[in-house]
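Down below is the structure, laid out as structure tokens.
Protein chains: 2
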Amino acid sequence: MTVIKVAILGFGTVGEGVYRTIQSHAEELTAVLGKKVEVAAVLIKNKQKERNVSEDVLLTTDFEDILNMPELDIVIEAIVDKDPTFSFLKKAIERGCHIITANKEMFAHHGQELLELAEKNNVSVGFEATVAGGIPVIQTFRQLLNINRIQQVQGILNGTSNFILTEMREGKQSFAEALSLAQENGFAEADPTNDIEGYDAFYKAMILSRIAFGEEPNWHDVEREGITAITSELIEKAEELGLRYKHIAQISKSGNQIKATIKPVLVGKEHPFYHVEGVQNAVSVHSDIVGEITLQGPGAGMFPTASAIIEDLVYVCKNNAPAPRLTALTT
Amino acid sequence: MTVIKVAILGFGTVGEGVYRTIQSHAEELTAVLGKKVEVAAVLIKNKQKERNVSEDVLLTTDFEDILNMPELDIVIEAIVDKDPTFSFLKKAIERGCHIITANKEMFAHHGQELLELAEKNNVSVGFEATVAGGIPVIQTFRQLLNINRIQQVQGILNGTSNFILTEMREGKQSFAEALSLAQENGFAEADPTNDIEGYDAFYKAMILSRIAFGEEPNWHDVEREGITAITSELIEKAEELGLRYKHIAQISKSGNQIKATIKPVLVGKEHPFYHVEGVQNAVSVHSDIVGEITLQGPGAGMFPTASAIIEDLVYVCKNNAPAPRLTALTT
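Respectively, the protein sequence lines represent chains A and B.
Quick note on our numbering: the first sequence kicks off at 1 and runs consecutively.
Quick note on our numbering: the second sequence kicks off at 1001 and runs consecutively.
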């Protein structure tokens, strides 16, 4: 039986989750792909730290070691930083590897270039894990809604913000208290700017825009607002009116114009996001044939993110050509 | 440019929706498939009735006319009856056509046989429209959850029952009043037995079981109960406790045992179906890697069902081999 050789860049929560899932689901991978999936190398930052990986896996701090391996099929990127990830992935594609990434900031900036480069090199790009964690929203757009013309996408794309808003309402806490709780639970970084100021949701929205509409709005025209101006008093007043604050990314196309807003929105109980609470993510898509479909699930975490990456692994192995929507008509 | 020739069996709500969608989305179909999709024939019951179809479409009451057409690629079945649909589709497969069906009762009974016959004849079977209307749940299981081991599936699969339960609670109506309202709105048949006694949800659950677990429970072991025993008093009492009745199909696997129940269940506000109201359908799937994902959307209707069929049309054209999950390991 032939082997699919994989390198994992980064061994934090996501990288380790992917490694462990490849081990635990080896039988399923072999059954579906007809080949054994083998982690051949892991790129780490610190050689001193002990890692729970098999002895025959190359552990290296130098990406060139991975690039120079005699055989390599797929590079999975689970590093958080934007740079040098992009250059790593470009080199991997040029070497003929499929790539899979969980890096939304990098992919929002450079996704289109990577997809075009991949097309030239006849390899595939998986990026399900960049948006809404384990919810297969990217692949639903890419593979399951080929003929539906998407008209509007709405999303709760940042679990941290949704957790804070839920805690403020349900737990009657201040913004600062809810943020601390999110940090204690590992739902927010020490520097939470990216989450609470809406940057994280913005990057994800731009990725969704491209996959849903084939293009993005001009980034400078996008209204982006975080949740820092939402006070307990506002939440209480809203509740008296039967409304809830949700931090919603909304992208729509009318004519040839793409419009996007990422901001707190008051929603009533008829809205599909009214009941989406805590760290959950949700994406609602309005298309011309089917109408509205909503997908909800875990937006982050070791295994939900690993799930997106592992399912992408199957996708890139089976689809050597880029998905049709990206190059096709998207009127 | 080559042409994909399609025959539609049945020209009721679903058949007409498919016909109109193929016309309205001709450009998208050509862009994605690289070929023009052409409706070559429609099987009708009554030749007298006026149909809004193009003159070059063969309208016939005899399936043999369709089977004998010199070129035919796909047969789309939108007839409600179980027979003779099954024999039509067998013949279509043996002739080398891909088939797409919206017929849950027929597919619950004969789906496995059709899939095996299709594999032998190197054609594909699309059956997204048999379960949950426009929500792409079958294709999510088939294409997007290849490695996740599904542990449990829950579904609100019958929009009529959900509409009646919602009306009884929100509108304070009796069962009989709510049923009448469903019939007036076209959500229930003159003979509503299939819906309100849980048969419709049962067939859909059996189809979901096979796609999720590769097998079905023994039909006689499945607890199936409709909503006819739910009174206004019960609904009111439940509401006082913060609970709602939902008609839920639940299928789970523990060890080698598949267990399924289709019955009214009391759910609290933490349950993903608590807020699924009216004719909406929802499916919640619990898998070992990703955790719980919920999909919600329109469970029936002309265009939601047409959406499922049209997206299946793309699927069968692109996937001449049967999907991996059906033949693969499903432990």
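Every residue gets a Cβ at the ideal spot worked out from N, C-alpha and C, and that includes glycine.
What you are looking at is a predicted structure, and each value in this text was computed from that prediction instead of being measured.
Partner residues on chain D for residue i, Cβ-Cβ distance less than 7 Å
{"i": "B/T1294", "result": "Absent here is chain D; the protein component of the structure consists of chains A and B."}
Endpoints, beta strand (DSSP E) assigned at residue i
{"i": "B/R1244", "result": "1244 to 1254"}
{"i": "B/V1283", "result": "1280 to 1287"}
{"i": "A/Q183", "result": "Looking at the DSSP string, A/Q183 is not in any beta strand (DSSP E); the run it does join, the alpha helix (DSSP H), is 175 to 184."}
{"i": "A/G159", "result": "Premise fails: A/G159 lies in the alpha helix (DSSP H), 159 to 170, not in any beta strand (DSSP E)."}
{"i": "A/I293", "result": "291 to 298"}
{"i": "B/I1235", "result": "From DSSP, B/I1235 is part of no beta strand (DSSP E) but of the alpha helix (DSSP H) over 1232 to 1240."}
Assigned secondary structure, residue i (DSSP; H/G/I helix, E/B strand, else coil)
{"i": "B/K1045", "result": "coil"}
{"i": "A/V18", "result": "helix"}
{"i": "B/R1325", "result": "Reliability of the predicted coordinates at B/R1325 is poor, the pLDDT of 35 falling under 50, and no value is obtained from them."}
{"i": "B/T1060", "result": "strand"}
{"i": "A/T330", "result": "Confidence in A/T330 is poor, its pLDDT being 37 and thus under 50, which makes the residue's placement unreliable; the coordinate value appears in the next sentence. Coil, per DSSP."}
{"i": "A/V314", "result": "helix"}
{"i": "A/R224", "result": "strand"}
{"i": "B/P1304", "result": "helix"}
{"i": "B/A1201", "result": "helix"}
{"i": "A/K91", "result": "helix"}
{"i": "B/K1259", "result": "strand"}
{"i": "A/I156", "result": "strand"}
{"i": "B/V1053", "result": "coil"}
{"i": "A/V125", "result": "strand"}
{"i": "B/D1065", "result": "helix"}
{"i": "A/E113", "result": "helix"}
{"i": "B/K1082", "result": "coil"}
{"i": "B/E1119", "result": "helix"}
{"i": "A/I135", "result": "coil"}
{"i": "B/L1208", "result": "helix"}
Among the options, nearest to residue i - alpha-carbon criterion
{"i": "B/T1294", "options": "B/Q1154, B/C1097, B/S1087", "result": "B/Q1154"}
{"i": "A/Y274", "options": "A/R149, A/T166, A/V14, A/L33", "result": "A/T166"}
{"i": "A/G278", "options": "A/D83, A/R169, A/R95", "result": "A/R169"}
{"i": "B/F1086", "options": "B/D1073, B/G1096, B/L1072, B/T1101", "result": "B/T1101"}
{"i": "A/G15", "options": "A/V316, A/G301, A/M206, A/L29", "result": "A/G301"}
{"i": "A/T305", "options": "B/A1132, B/S1124, B/D1288", "result": "B/D1288"}
{"i": "A/Q296", "options": "B/I1164, B/E1292, B/P1298", "result": "B/E1292"}
{"i": "B/E1215", "options": "B/N1121, B/S1124, B/Q1112, B/K1246", "result": "B/Q1112"}
{"i": "A/I138", "options": "A/K253, A/F202, A/E128, A/Y245", "result": "A/E128"}
{"i": "B/L1059", "options": "B/A1040, B/N1068, B/I1074, B/D1073", "result": "B/A1040"}
{"i": "B/D1312", "options": "B/E1055, B/T1002, B/V1125, B/I1066", "result": "B/V1125"}
{"i": "B/L1117", "options": "B/T1130, B/I1093, B/I1248", "result": "B/I1093"}
{"i": "B/V1267", "options": "B/S1254, B/E1239, B/P1192, B/I1258", "result": "B/E1239"}
{"i": "A/I309", "options": "A/V123, A/Q48, A/V75, A/H110", "result": "A/V75"}
{"i": "B/M1206", "options": "B/F1107, B/N1052, B/M1069", "result": "B/F1107"}
{"i": "A/N281", "options": "A/H247, A/K120, A/D73", "result": "A/H247"}
Extent of the continuous alpha helix (DSSP H) to which residue i belongs
{"i": "B/H1271", "result": "No alpha helix (DSSP H) holds B/H1271; DSSP gives it neither H nor E."}
{"i": "A/H275", "result": "Element bounds for A/H275: n/a, residue is neither H nor E."}
{"i": "A/T30", "result": "26 to 33"}
{"i": "B/I1196", "result": "1193 to 1196"}
Residue i - partner residues in DSSP beta bridges
{"i": "A/P264", "result": "A/H247"}
{"i": "A/E77", "result": "A/L9, A/T101"}
{"i": "B/I1004", "result": "B/V1037"}
{"i": "A/I150", "result": "A/S287"}
Residues near residue i by beta carbon distance below 7 Å, same chain, minus five either side
{"i": "A/K269", "result": "G242"}
{"i": "B/E1050", "result": "none"}
{"i": "B/T1013", "result": "M1302"}
{"i": "A/A328", "result": "With a pLDDT of 34 at A/A328, under the threshold of 50, the modelled position of this residue cannot be trusted; read the value that follows with caution. So no residue of the chain qualifies."}
{"i": "B/N1194", "result": "D1200"}
{"i": "B/A1182", "result": "T1160, F1163, I1164, A1188"}
{"i": "A/L208", "result": "V131, V153, G155, I251"}
Cβ neighbours of residue i in the same chain (closer than 8 Å, five flanking residues each side left out)
{"i": "B/V1314", "result": "L1029, V1032, L1033"}
{"i": "B/I1230", "result": "L1165, M1168, F1175, Y1245, P1264"}
{"i": "A/Y19", "result": "I8, F11, V39, V42, V53"}
{"i": "B/P1324", "result": "At B/P1324 the pLDDT is 38, less than 50, meaning the model places this residue with poor confidence; the figure from the coordinates comes in the next sentence. If we look at B/P1324 and ignore the five residues flanking it on each side, its Cβ neighbours are N1146."}
{"i": "B/T1061", "result": "L1043, I1044, K1045, N1046, K1047"}
Same chain, Cβ closer than 6 Å to residue i, neighbours up to 5 away in sequence not counted
{"i": "B/S1071", "result": "In the sequence as displayed, the identity of residue 1071 of chain B is Glu instead of Ser. Excluding residues within five positions, the ones whose Cβ falls inside 6 Å are K1005."}
{"i": "B/T1261", "result": "E1223, Q1250"}
{"i": "B/P1272", "result": "S1284, T1294"}
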